[in-house]
Amino acid sequence: MLFWFVTPAQTKTGTAATTAASTTVNRPKLVVGIVIDQMRWDYLYRFYDRYAADGGFKRFLNQGFSCENTMVPYVPTITACGHTCIYTGSVPAIHGIVGNGWYDPQRNKNVYCTEDSTVSTVGAEAGAPGAMSPFNMKVTTIGDELRMATNFKGKVIGVAVKDRGGILPAGHSANAAYWYDSRNGNWITSTYYMKELPKWMQDFNAQKLADKYYSMGWNTLYPINSYIQSTADEKSYEGTPFGVEQKAFPYDLKKFAGTNYGAICSTPYGNSMTVEIAKAAVIGEQLGADNITDMLAVSFSSPDYIGHAFGPNSVEQEDDYLRLDKDLGSFFNFLDAKVGKGQYVVFLSADHAVAHVPGFSKENKLPGGIAPAARWSTDLGKILNEKFGSSKLIIGNFNHQIYLNHQLMDSMKLDANAVKKAIMQYLILQPEVGQVIDLNKLMEVPLNAKQRDMIANGYNQHLSGDIQVMLQSGYMEGSGTGTTHSAWNPYDSHIPLLFYGWNVPKGKTNREVYMTDIAATVAAMLHIQMPSGCIGHVIEEVAK
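Quick note: the sequence shown uses full-length UniProt numbering, first residue 1, plus one each step.
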């Protein structure tokens, strides 16, 4: 039998108590976290000569601190996982966000990362885009810890075009998270946070900024022949998000006004709109207006939309980053004026990077191509039907993980190991496949240590699949145009990490750090507890 004895704490009296009570913890007025959805580390230097002297990236690189060798420590390298890992300092194995979506064996259903049927839309007519919350995230964020450290007086706000980019970074106890509703061009939230939008957000929505941006169209910021870091403007392996008739600059966007509010996400104006909503949040919520530290989590989603469609070597993505640089510069100038230069601290990172478009790789004799996943699915259905009497033994395929239908196998009295063996024997013979791993035997498989660690960090016993498929370098599932991310390889996992502002020294480090170190470092800078699932380490060069 165990007994727990609790000794009452002694009451402080006298001089020591007086001194402790009068001491103020030194903190900035505002913490701004910036996550760029789909940013390769090498963009910092590929476009460096073209970034503006008063833009955001040179301010980070020349006046702040850069961790040059920052890595994602898990797979899959996907948006929801990345945003969660940055703000929790944890990994999918612990925090429970194992992808943008997954199959939940316990609930016997497919799950979207931020879905929550107990809440409803605020700011628009009822519908799925607003039934969102951080419910599926199982640990706290750095914002949650800041809220608790200030006895919930410090405010925490999250904003992003994507719901998952606003909700997951903000955390469970956030004052609000806002995201973009592509059905009507408004920014919305859910009843998890509030019953109605604040007046400042209603006024912001009334501007219909998307229509104003559409009227401007999208042409290159500079003469197109000066984009020497990119391929030719029109490539057959690029997507056509604005219609098949529009394959190159300039893009006419006027037709989308009032009819298609989703198209703006695939333009740099999605970034500009996000900066404007971030500024409005600072003013409307009075963030950084007093000595109680607030936090603003901002995610720029448009680089991901543009990158998926056009790829990292496109004129479109280069122009996107040159414009984002100017937007960041504008935002920092705003913060200097509103909060005070040196009174706020900013970190910038990415949720993941991105692979080259397979067509680009083929064009330049680089490894890579398209994995014929549809054919594999058909072949496996036939194989399983012939060997075991059913083509429905695979119930899901998410994040390069295959989920087996255990209920069906049990009812048919099938040996799960035999079913896995048949699937794995087929897949490993496919030339596009690098490794196929039984996740229950991960620690027994001869595998590179880095790959093993990344798979283990991404494996959640309650939510992950049965078999992990890892493609050869440069290969991906897809249709032949555009690109994607999710792999362990450095092209997907090497990301930027920059700090700037309050108490941040000037410099850089080339030692390997991880996105999970960000929350631990911010916690150390603020003198608050690190999040409940944090496995990261303090980056000592930054938090001196």
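A virtual CB, placed ideally from N, CA and C, is assigned to each residue, including glycine.
What is the rounded straight-line gap between the Cα of residue 511 and the Cα of residue 75? Translated into positions along the sequence shown, residue 511 becomes position 511. Translated into positions along the sequence shown, residue 75 becomes position 75. The alpha-carbon of residue 511 is positioned some 21 Å away from that of residue 75.
Using DSSP bridges, identify the partner residues of residue 34. Taking the sequence shown and counting its residues from 1, one reaches residue 34 at position 34. Answer is 298 and 348.
Restricting to runs no shorter than 4 residues, where is the alpha helix (DSSP H) found entirely within the segment 405 to 461? Taken in chain order, the complete alpha helix (DSSP H) segments of 4 or more residues contained in the segment 405 to 461 are 406 to 411, 416 to 427 and 449 to 458.
What separation, rounded to the nearest whole angstrom, lies between the Cα atoms of residue 21 and residue 81? Numbered from its first residue, the sequence shown carries residue 21 at position 21. Numbered from its first residue, the sequence shown carries residue 81 at position 81. Its pLDDT being 44, under 50, residue 21 is placed unreliably by the model, and nothing is read from it.
Per DSSP, residue 157 is paired with what? If you number the sequence shown from 1, residue 157 lands on position 157. DSSP lists 176 and 296 as partners of residue 157.
Counterpart residues of residue 67 in DSSP-defined beta bridges: As a working mapping, residue 67 is identified with position 67 in the sequence shown. Per DSSP, 509.
What do you get for residue 545, buried or exposed, if any count of 16 or more other CB atoms within 10 angstroms of its CB means buried? The structure shown has nothing for residue 545, since the chain only spans 1 to 544.
Determine, using beta-carbon pairs with one atom in the segment 477 to 485 and one in the segment 438 to 447, whether at least three such pairs fall under 8 Å. No: the two stretches stay apart, fewer than three of their Cβ pairs being nearer than 8 Å.
Is it buried or exposed, residue 485, if we count other Cβ atoms within 10 angstroms and call 16 or more buried? As a position in the sequence shown, residue 485 is number 485, starting the count at 1. It is buried - the Cβ of residue 485 has at least 16 other Cβ atoms within 10 Å.
Integer Cβ distance of residue 179 from residue 166, believed to fall under 8 Å: In the sequence shown, counting from the first residue as 1, residue 179 sits at position 179. In the sequence shown, counting from the first residue as 1, residue 166 sits at position 166. With a Cβ gap of about 5 Å, residue 179 and residue 166 count as contacting.
Label residue 374 either buried or exposed according to how many other C-beta atoms from any shown protein chain fall within 10 Å of its C-beta, with 16 as the threshold for buried. Numbered from its first residue, the sequence shown carries residue 374 at position 374. Burial check for residue 374: the Cβ neighbour count within 10 Å stays below 16, so the residue is exposed.
With a cut-off of 8 Å on the beta carbons, I'd call residue 344 and residue 28 a contact; round off their distance for me. Position 344 of the sequence shown, counting from 1, holds the residue named residue 344. Position 28 of the sequence shown, counting from 1, holds the residue named residue 28. Sure, about 5 Å apart at Cβ, within 8 Å.
Please state whether the Cβ-Cβ distance between residue 191 and residue 122 is less than 8 Å. Residue mapping note: residue 191 aligns to position 191 of the sequence shown, counting from 1. Residue mapping note: residue 122 aligns to position 122 of the sequence shown, counting from 1. The answer is yes: Cβ separation under 8 Å.
Residue 200 burial status per 10 Å Cβ neighbour count (16 or more: buried): Against the sequence shown, residue 200 aligns to sequence position 200. Flag for residue 200 reads exposed.
Mind reading off the beta-carbon distance from residue 146 to residue 139? Whole number of angstroms is fine, and I expect it under 8 Å. Mapped onto the sequence shown, residue 146 falls at position 146. Mapped onto the sequence shown, residue 139 falls at position 139. Their Cβ separation, rounded to whole angstroms, is 15 Å, which puts residue 146 and residue 139 out of contact at 8 Å.
Separation of residue 409 from residue 322, as counted between CA atoms: In the sequence shown, counting from the first residue as 1, residue 322 sits at position 322. In the sequence shown, counting from the first residue as 1, residue 409 sits at position 409. So the two alpha carbons sit approximately 54 Å from each other.
With C-beta atoms as the reference, is residue 455 less than 8 Å away from residue 472? As a first step, residue 455 must be located in the sequence shown, where it is residue number 455. As a first step, residue 472 must be located in the sequence shown, where it is residue number 472. No, the Cβ-Cβ distance between residue 455 and residue 472 is not below 8 Å.
Comparing C-alpha positions only, which one of 186, 319 and 405 sits nearest to residue 50? Counting from 1 along the sequence shown, the entry for residue 50 is found at position 50. With respect to the C-alpha of residue 50, the residue from 186, 319 and 405 having the closest C-alpha is 319.
Please classify residue 545: does DSSP put it in a helix, a strand, or coil? Residue 545 cannot be examined here, being either before or after the span of the chain that is shown, 1 to 544.
Buried versus exposed, by CB contacts within 10 Å (16 or more), residue 283: Taking the sequence shown and counting its residues from 1, the one referred to as residue 283 is at position 283. Around the C-beta of residue 283, fewer than 16 other C-beta atoms lie within 10 Å, and the residue is accordingly described as exposed.
Provide the residue(s) that pair with residue 388 in DSSP beta bridges, ordered along the chain. As a working mapping, residue 388 is identified with position 388 in the sequence shown. Per the DSSP secondary-structure output, residue 388 pairs with nothing in a beta bridge.
With H, G and I counted as helix, E and B as strand and the rest as coil, what does DSSP make of residue 1? Within the sequence shown, residue 1 is the residue found at index 1, counting from 1. Per-residue confidence for residue 1 stands at a pLDDT of 40, beneath the threshold of 50, marking its modelled position as unreliable; the derived number appears in the next sentence. In this structure, residue 1 counts as coil in the three-state DSSP scheme.
Using a Cβ-Cβ cutoff of less than 6 Å, which residues in the same chain neighbour residue 150 once the five nearest sequence positions on both sides are dropped? Start at 1 with the first residue of the sequence shown, and residue 150 comes out as number 150. Excluding residues within five positions, the ones whose Cβ falls inside 6 Å are 292.
According to DSSP, is residue 359 helix, strand or coil? If you number the sequence shown from 1, residue 359 lands on position 359. Residue state for residue 359 is assigned as helix, using DSSP reduced to three classes.
Mapping the DSSP letters down to three states, classify residue 502 as helix, strand or coil. Residue numbering aside, residue 502 sits at position 502 when the sequence shown is read from its first letter. Coil, per DSSP.
What are the start and end residues of the alpha helix (DSSP H) that includes residue 493? On the sequence shown, position 493 is the one that residue 493 refers to. Looking at the DSSP string, the run of the alpha helix (DSSP H) that includes residue 493 is 490 to 493.
From residue 273 to residue 536, what does the alpha carbon distance come to, in whole angstroms? As a first step, residue 273 must be located in the sequence shown, where it is residue number 273. As a first step, residue 536 must be located in the sequence shown, where it is residue number 536. Cα to Cα, residue 273 sits roughly 32 Å from residue 536.
Let me check understanding here. Comparing Cα to Cα, which of 542, 544 and 533 lies closest to residue 95? Residue numbering aside, residue 95 sits at position 95 when the sequence shown is read from its first letter. The shortest C-alpha separation from residue 95 is found at 533.
Which residues bound the alpha helix (DSSP H) around residue 148? The residue given as residue 148 occupies position 148 in the sequence shown. Per DSSP, residue 148 belongs to the alpha helix (DSSP H) from 142 to 149.
Beta-carbon separation (whole angstroms), residue 310 vs residue 238, contact threshold 8 Å: Translated into positions along the sequence shown, residue 310 becomes position 310. Translated into positions along the sequence shown, residue 238 becomes position 238. Between the beta-carbon of residue 310 and that of residue 238 there is about 5 Å, and that keeps the pair under the 8 Å contact cut.
Own chain partners of residue 464 with C-beta closer than 7 Å, once the 5 adjacent residues on each side are dropped: Walking along the sequence shown from the start, residue 464 turns up at place 464. Here the set comprises 98, 401 and 439.
Taking the Cβ atom as the reference point for each residue, do residue 312 and residue 356 lie within a distance shorter than 8 Å? For the purposes of this step, residue 312 is taken as the residue at position 312 of the sequence shown. For the purposes of this step, residue 356 is taken as the residue at position 356 of the sequence shown. Cβ distance < 8 Å, so residue 312 and residue 356 count as in contact.
Mind checking residue 54: buried by the 16 CB within 10 Å criterion, or exposed? Translated into positions along the sequence shown, residue 54 becomes position 54. Burial call: exposed.
Secondary structure of residue 57, DSSP reduced to three states: To locate residue 57, count along the sequence shown from 1; it is residue 57. Here residue 57 sits in helix by DSSP.
In this structure, does DSSP put residue 530 in helix, strand or coil? If you number the sequence shown from 1, residue 530 lands on position 530. Coil at residue 530, not helix or strand.
Indicate the three-state DSSP secondary structure (helix, strand or coil) for residue 282 in the structure shown. By one-based count along the sequence shown, residue 282 stands at place 282. Note: residue 282 maps to helix in three-state DSSP.
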